[in-house]
Every structure is written in C-alpha cells, then in structure tokens.
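Residue numbers (our numbering): 5 to 316.
Written as structure tokens, this is what we have:
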C-alpha cells in the first residue's frame, strides 16, 4: 500500500527554471514522493529520461509505483546523491540536461512515528534516511565525546545553548542510554532555561536538526553531490536547488559563486595564466521563495529557498 506522502515545494518554479525539454536527460537527486520527477517526465518524454535517486527505500518503493506509467524513462536508484558520479556511471549517463536537488527531510519522514526525525512523536532515535547503513542518532548521542556533541549542535543547529545541551546529554547517558525522542526532548528542555525559550520555535528544534544532519552527513553530501551535478551539465543545461535552512543555502551560494568565477590572476599580470573561466551563470540573483498561497497549503514551504544556474 502506498503510504509515502510528500508535497513537493515550488513545483511551478522548478519547472520554470529547469525548463525540461522532450528527449532530455534529467536528474532528481532527492526523489522523495516524486512530485518534481513526474512534472519533469511529463515534459521530457517521449524520448527523454529521468534518473531519480533516494536513500529512503520507502520513498523509492512508493514513488516507483507512481511513476510506473513512464516505464524505462524513469530510472530509480537507491543511494545518496553525494555519490552521484557512481550512480550515473552505473547507468551509462555521461551528461545531464538538468537536475533538481530538493534538500532536507521529507514530509513523510517528519510525520512518520517510528523514524525519530520529529520531536512530536515518541519514537526510537534513528534519524537515518537510509535505515540500512550508518550510525543511528541514539548511537551518536550515547557514544560521541561531549566536545563533539557541542560542535554538532552549535555548527549544525546554530543553537546558542549547545554547550549546556551537550553537557546535559552526557550527564543523562551516564544514568541510562538515550534511546527515544521524548527522552531527548526532556533533556534539552532541562538544559535550556525556560525563561529563554523562544515562543516561535520549540527548544528541541535546533538540536534535532543538528543530530539529523550529522547522522546523514547532509552538508557533506550536498557539497559533493552539487559539484558533481554541475560538472555533468551540458552547455545550456540547468540546475535547481531548494534548501531549507541557512547552512544549506550558504553552501549552495558558495558553490554557485565559485563556478561563476573567471580569471583569478593578479591584476598586474598582462596575460591570464590561471586559465579559469566561468562555468555557469546564475539565473536567480536572489533566492526564489514560495508564495503565500503555497505556504497556506504547505507551511513547510515557508523556509524554502530556490536557486538556479545554467551551464555555459
């Protein structure tokens, strides 16, 4: 039974910037529920192909059923887009006409009561998008040194209470292993003085985000996968990235800026010797945000930022 639910963000804007054409080869590196993939397939077929990558087997199984009507034009792969080159090589795909990366956790993963992504459900602290490999959130919380926990919560969660939260986690695990989401929530609530709680955000939000990012190595995979995707683009091919928090958006902006950089030689040199040339042009001078109507229907789109480039 198809129970995987995920509402794709800014679908019209994605198609506008990606501009898929019949016969083209496209990549959806974060397949999810397949909303963006379907829109792309409707425009690139007949004759075109979409490669969809996702590390969540539930997503692949459900989305494979939804895209079955497109037959071999939809090639779905279990894996992480951080290993994009390996996955495309295995399919014999040399170059892309476009790609979409919709970064972050899916609505289904957040709403599932047994994966540990959300502090609103009491569940085992897993948080792995690919449950077949890697260490769980519980393992990280119970095994990492206090200093490393502090670094993760500070860097990935940008939580000013990181030092105190890490200290409380280490003290709590001496009494009993940290195994469930509500257990972690109680620890965080105890660490953050109640007078300092932000009315707009749950005190556990940033720590849960940080642990999830660490478990899935999300920022590392974003940087590696985005570079590989840009390198695979054909001239005129386009890339679209949707990010949901400042850490992701910062990486996307940095990489896009790097690929737009031309000559880096000192100005006093009469001739360029570095041979650097811009590889892309940015299509979005500022990030595109979801409209009020979409935010009303899908509140999680509020924090989404879309950026796009075109290969030169």
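In this text, a Cβ means the ideal position worked out from N, Cα and C, and glycines have one as well.
Status (buried if at least 16 other CB within 10 Å, exposed otherwise) for residue 250: On the chain shown, position 246 is the one that residue 250 refers to. The residue is exposed, with fewer than 16 neighbouring Cβ atoms inside 10 Å.
Using 8 Å as the cut-off, can you tell me whether the segment 48 to 61 makes contact with the segment 19 to 33, which would need three or more C-beta pairs spanning the two stretches below that distance? Flag = yes, the segment 48 to 61 and the segment 19 to 33 touch.
For residue 253, which residues of its own chain have a beta-carbon under 8 Å away from its beta-carbon, when the five flanking residues on both sides are left out? As a working note, residue 253 is residue 249 in the chain shown. If the five residues before and after residue 253 are omitted, its C-beta is found closer than 8 Å to the C-beta atoms of 247, 291, 309, 311, all from its own chain and listed in chain order.
Check whether residue 259 and residue 237 have beta carbons under 8 Å apart: Translated into the one-based positions of the chain shown, residue 259 becomes position 255. Translated into the one-based positions of the chain shown, residue 237 becomes position 233. No, the Cβ-Cβ distance between residue 259 and residue 237 is not below 8 Å.
Taking Cβ positions, are residue 161 and residue 221 nearer each other than 8 Å? Here residue 161 refers to the residue found at position 157 of the chain shown. Here residue 221 refers to the residue found at position 217 of the chain shown. Going by C-beta atoms, residue 161 is not nearer than 8 Å to residue 221.
Closest by C-alpha distance to residue 185, when choosing among 56, 212, 194: The residue labelled residue 185 in the question sits at position 181 within the chain shown. Comparing Cα-Cα distances from residue 185 to each of 56, 212, 194, the minimum goes to 212.
Quick check on the DSSP output: what are the complete alpha helix (DSSP H) runs of length 4 or more inside the segment 125 to 168, in order along the chain? 141 to 147, 150 to 161
Work out the CA separation of residue 95 and residue 192 for me, nearest whole Å. Start at 1 with the first residue of the chain shown, and residue 192 comes out as number 188. Start at 1 with the first residue of the chain shown, and residue 95 comes out as number 91. Cα-Cα distance, rounded: 45 Å.
In whole angstroms, what separates the C-alpha of residue 301 from that of residue 295? Here residue 301 corresponds to residue number 297 of the chain shown, with the count starting at 1. Here residue 295 corresponds to residue number 291 of the chain shown, with the count starting at 1. Rounded to whole angstroms, residue 301 to residue 295 spans 10 Å at the Cα level.
8 Å Cβ cutoff met for residue 81 and residue 56: Your numbering for residue 81 matches position 77 in the chain shown. Your numbering for residue 56 matches position 52 in the chain shown. Cβ atoms of residue 81 and residue 56: closer than 8 Å.
Just list the beta strand (DSSP E) runs in the segment 17 to 83, keeping only unbroken ones of 3 residues or longer that don't cross its boundaries, in chain order. Runs of the beta strand (DSSP E) inside the segment 17 to 83: 29 to 32, 53 to 58, 78 to 82.
From 155, 232, 273, pick the residue whose C-alpha is nearest to that of residue 169; which is it? Stepping through the chain shown from its first residue, residue 169 is reached at position 165. Among 155, 232, 273, the Cα nearest to that of residue 169 is on 155.
Once you ignore the five residues that flank residue 286 on each side, which residues in its own chain have a CB closer than 7 Å to its CB? The count along the chain shown starts at 1 and reaches residue 286 at position 282. Same-chain partners within the cutoff: 260, 264, 313.
Report yes if the CB atom of residue 45 is closer than 8 Å to the CB atom of residue 77, and no otherwise. Here the question's residue 45 lines up with position 41 in the chain shown. Here the question's residue 77 lines up with position 73 in the chain shown. Their beta carbons are under 8 Å apart, which means residue 45 touches residue 77 by this criterion.
Can you look up residue 177 in the DSSP assignment and give me helix, strand or coil? Here residue 177 refers to the residue found at position 173 of the chain shown. DSSP places residue 177 in helix when its eight states are reduced to three.
Does residue 205 pass the burial test, meaning 16 or more other C-beta atoms within 10 Å, or should it be called exposed? Counted from its first residue, the chain shown places residue 205 at position 201. Exposed, by the Cβ-count rule.
Would you list the one or two residues that DSSP bridges to residue 242? As a first step, residue 242 must be located in the chain shown, where it is residue number 238. DSSP, once it has assigned bridges, lists 102, 314 as partnering residue 242.
Distance between residue 87 and residue 225 (C-alpha atoms, nearest Å): As a working note, residue 225 is residue 221 in the chain shown. As a working note, residue 87 is residue 83 in the chain shown. Cα-Cα distance, rounded: 8 Å.
Whose CA, out of 201, 64, 144, lies closest to the CA of residue 174? Stepping through the chain shown from its first residue, residue 174 is reached at position 170. Comparing Cα positions, the closest option is 144.
Please list the segments of the alpha helix (DSSP H) lying wholly inside the segment 179 to 239, counting only runs of 4 or more residues, in order along the chain. List check, alpha helix (DSSP H) in window: 185 to 195, 209 to 220, 222 to 236.
Under 8 Å between C-beta atoms of residue 280 and residue 288: Counting from 1 along the chain shown, the entry for residue 280 is found at position 276. Counting from 1 along the chain shown, the entry for residue 288 is found at position 284. No, the pair does not count as a contact, with Cβ atoms beyond the cut-off.
Please go through the same chain and pick out, in chain order, the residues whose beta-carbon is closer than 6 Å to the beta-carbon of residue 208, but skip the five residues on each side of it. One-based indexing of the chain shown puts residue 208 at position 204. Result list for residue 208: 123, 189, 192, in chain order.
Roughly how many angstroms separate the alpha carbons of residue 304 and residue 14, rounded to a whole number? By one-based count along the chain shown, residue 304 stands at place 300. By one-based count along the chain shown, residue 14 stands at place 10. The alpha-carbon of residue 304 is positioned some 11 Å away from that of residue 14.
To the nearest angstrom, report how far apart residue 274 and residue 129 are at their CA atoms. Taking the chain shown and counting its residues from 1, the one referred to as residue 274 is at position 270. Taking the chain shown and counting its residues from 1, the one referred to as residue 129 is at position 125. Spanning the two alpha carbons is a distance of roughly 60 Å.
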